[in-house]
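In terms of my numbering, the sequence shown has 34 at position 37, counting the first letter as 1, and numbering is strictly consecutive. Here a beta-carbon is modelled for each residue, glycine too, at the ideal position from N, C-alpha and C. Note that the coordinates shown come from a computational prediction; the quantities given were computed from them, not determined experimentally.
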Amino acid sequence: YPAVSEGDIINLLVPIPSEVVQKDIEKRIGESFKIRKEAKSLLDQAKTEVEELIEGV
């Protein structure tokens, strides 16, 4: 069966994006973490409100 040998990995060239592309990736990842945190907060708030409505608070 086909396998990857150590020699295949050692000779593998890994492209490095330009600094501009790296900064763009960094920015997008940062934004995604911020949006994910906001979404979790909204979900927690919605859960709390639903629980309060169920309990009649």
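Under three-state DSSP, which class holds residue i?
i: L40; result: helix
i: L50; result: helix
i: V1; result: coil
i: I61; result: With the chain represented from -2 up to 54, any question about residue 61 goes unanswered, as that position is not in the structure.
Just to check, is the beta-carbon of residue i closer than 6 Å to a non-hydrogen atom of the ligand GDP?
i: L40; result: Among the components modelled here there is no ligand, and therefore nothing to report on the ligand GDP.
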